[in-house]
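In UniProt numbering, the protein residues as written are 1 to 313. Note that CB positions come from ideal geometry on N, CA and C, so glycine has one too. The model shown is predicted, which means the values in this text are computed figures rather than measured ones. Below you'll find the structure, written out as structure tokens, and then a few comments.
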């Protein structure tokens, strides 16, 4: 059977989604996600979406993307960096080098446009997973390694059931103590949202600021203020509108160690449970980081491990 590798063309999306869901059974997707996060991404270039086609149907692809528009106000185009957020080969077309060919063409697309480093798969805001999952997709991980991708760091995904969740008494006591010292915990007013966006973008990550900008539901946000100064925040339902997805979440560096993160985390879980949600989960934290330890103490468990990987010219 002849397989042709070319740029994405209109009409490919239907069989691409079907092939994706056969190839990545642990991470199925939908036509709506592909439309919103790939085709309508302002950085989308069909030449960067390399598809393998056999008998008129997509049997594999590798997606290369670089910034054509800034991620957020005040940021640049990261001109040295490109990303490969996803790739796959259908099970019945593996073993013949098609995956290597697709990834090589994706890398060549980015190199020809001046990119000297390529990350798998931390492209924000539209990444599929934080990185490669060597347990679920060992062949994909081996292929990336063989092409010269090295691991930068290894975040974990964590989940916690909210069934039967009760705010611990020590959290009530800690909150009362902090409030007696001038701290306050509540949803932000509309007029405070610009401050919250700047705080999240400047102190943590521009992507976090944009997640807040597009969230538009302050009832699913909790902020911590020390008198009139914003010192922390936590959200849920900020990414793709998924109510059970927790984050982003951050505390001012100078306020860490005061228990604000613990208070914000549990206040957010309390709100999630009040909505009838049965779990809280997120895709990305450092397992041994202070945040990772906080989540573990709050009852979260590691559900997946990823490797964020980088290729350099």
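Pair within 8 Å by beta-carbon distance, residue i and residue j
i, j, result
"residue 121", "residue 84", "yes"
"residue 171", "residue 242", "no"
"residue 23", "residue 89", "yes"
"residue 132", "residue 282", "no"
"residue 224", "residue 260", "yes"
"residue 232", "residue 195", "no"
"residue 99", "residue 109", "no"
"residue 199", "residue 230", "yes"
"residue 226", "residue 257", "no"
"residue 311", "residue 184", "no"
"residue 157", "residue 20", "no"
"residue 280", "residue 160", "yes"
"residue 167", "residue 30", "no"
Distance, residue j Cα to residue i Cα
i, j, result
"residue 214", "residue 220", "13 Å"
"residue 15", "residue 58", "5 Å"
"residue 105", "residue 28", "24 Å"
"residue 66", "residue 292", "31 Å"
"residue 277", "residue 153", "31 Å"
"residue 203", "residue 253", "8 Å"
"residue 155", "residue 286", "5 Å"
"residue 273", "residue 169", "17 Å"
"residue 124", "residue 130", "10 Å"
"residue 165", "residue 60", "43 Å"
"residue 250", "residue 63", "31 Å"
"residue 32", "residue 17", "10 Å"
"residue 299", "residue 275", "19 Å"
"residue 208", "residue 246", "12 Å"
"residue 177", "residue 244", "29 Å"
"residue 128", "residue 192", "31 Å"
"residue 228", "residue 294", "26 Å"
"residue 146", "residue 222", "44 Å"
"residue 97", "residue 10", "26 Å"
"residue 1", "residue 46", "25 Å"
"residue 201", "residue 95", "44 Å"
"residue 290", "residue 197", "23 Å"
"residue 138", "residue 304", "14 Å"
"residue 37", "residue 126", "6 Å"
Burial state of residue i, where buried means 16 or more other Cβ atoms lie within 10 Å
i, result
"residue 35", "exposed"
"residue 297", "exposed"
"residue 163", "exposed"
"residue 266", "buried"
"residue 248", "buried"
"residue 40", "exposed"
"residue 180", "exposed"
"residue 103", "buried"
"residue 12", "buried"
"residue 68", "exposed"
"residue 268", "buried"
"residue 140", "buried"
"residue 48", "buried"
Nonlocal neighbours in the same chain, by C-beta distance under 6 Å from residue i, ignoring five residues either side
i, result
"residue 71", "206"
"residue 238", "211, 215"
"residue 151", "307, 309"
"residue 43", "65, 67, 68"
"residue 74", "none"
Chain-order list of residues whose beta-carbon lies under 7 Å from that of residue i (same chain, five-residue window excluded)
i, result
"residue 144", "120, 132, 309"
"residue 174", "259, 262, 263"
"residue 136", "26"
"residue 134", "141, 307"
"residue 111", "313"
Residue i beta carbon near the ligand SAH (any heavy atom closer than 7 Å)
i, result
"residue 282", "Annotation note on the ligand SAH: not contained in the displayed structure, which lists no ligands."
Same chain, Cβ closer than 8 Å to residue i, five either side skipped, listed in chain order
i, result
"residue 302", "156, 157, 158, 287"
"residue 190", "218"
"residue 93", "3, 52, 54, 59, 60"
"residue 91", "22, 23"
**Request:** Determine contact between the region 112–132 and the region 70–87, defined as no fewer than three beta-carbon pairs at a distance below 8 Å.
**Result:** yes
**Asked** Are there three or more Cβ pairs, one per stretch, closer than 8 Å when the region 3–19 is compared with the region 41–60?
**Response** yes
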